[in-house]
Amino acid sequence: MTTDPHRYELPEPGGWRWLAASVHLFTALGIVCALLAAHALLDRAYETAFAWLGIALIIDGIDGAFARALDVKRRLPRFSGEKLDQVVDYVTYVFVPALALQLGGHLDGLWGGILASLILLSSLYHFCDNGNKADDHCFVGFPAIWNIVAFYIFAFALPGWAVSVLVLVCVALTFVPMRWLHPMRVKALRPLNLAMSGVWAFAAVWTVATGFPAGPGAMAALGLVAVYGVGLSVLWPLLGGDEAP
């Protein structure tokens, strides 16, 4: 008996399929957040824009757990949650933040346009790189978290030369096989990673609520977490994370 290799498994009937579909809808809400963030940017309401990007970040951080818990891939085999996630992430992590940097005056003129284009192009490479994640869930190469980079630029009110250096370094690191930890998925140092993520979240919310630039306390907390994250990536091979991706 011959079987059609392209025939899909019959989907599971009943309420479980609707629950699985609701996870995809939840993920898709990130693109709505991107639209609202773009509107806020056009109104020069930068804190509001980053609030919407923050909501999108939260959605992206927890939707995977819902998808695994409901076994979404088996229940809705025709629909690719991975493709949906990639589309939403590129817009919320890359495109809208690049737009924020331009409209916010941090990437002005021709040089600013070149840097914004490098952000978009290097991030496309990262998103299309099949080796951008290691078996231990670390990202390989700078993980295109331009929403975080842009937030720091606004929070620290960085001068133009520092913005240029930061953008060029991050673009270059996209092509360097350095490992960057995912705070929610990597088991090593997870309690400390989650604690630092909590510190960062509190400082970020406080900054958005009180306005840019960040106050001294929030700036210190944000700086501490940045040093921790970058330092951990640099030291990762010494901590036993040097297996080939």
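With our numbering applied, the sequence shown covers 10 to 254. Idealized CB from N, CA, C, for every residue including glycine.
Exclusion of the five residues before and after Val100 leaves Ile40, Ala43 as the residues of its chain whose Cβ lies within less than 7 Å of its Cβ. Counted as a single uninterrupted DSSP element, the alpha helix (DSSP H) harbouring Lys82 occupies residues 81 to 84.
Nearest in C-alpha terms to Cys147, of all of Val174, Val178, Leu198, is Leu198. Boundaries of the alpha helix (DSSP H) harbouring Thr216: 199 to 219, taken from the DSSP string. Counting along the chain, Phe75 sits inside the alpha helix (DSSP H) bounded by residues 55 to 78.
The beta carbon of Ala107 sits closer than 8 Å to those of Leu116, Ala125, Ile128, Leu129, Trp155, Ala159, all from its chain and outside the five residues before and after it, given in chain order.
At a Cβ-Cβ threshold of 7 Å, Phe151 and Cys179 count as neighbours. Straight-line spacing of the CA atoms in Asn202 and Arg188 works out to 15 Å. Around the Cβ of Thr183, a 10 Å sphere holds 16 or more other Cβ atoms; the residue is buried.
Judged by DSSP secondary structure, Gly24 falls within the alpha helix (DSSP H) whose first and last residues are 24 to 51.
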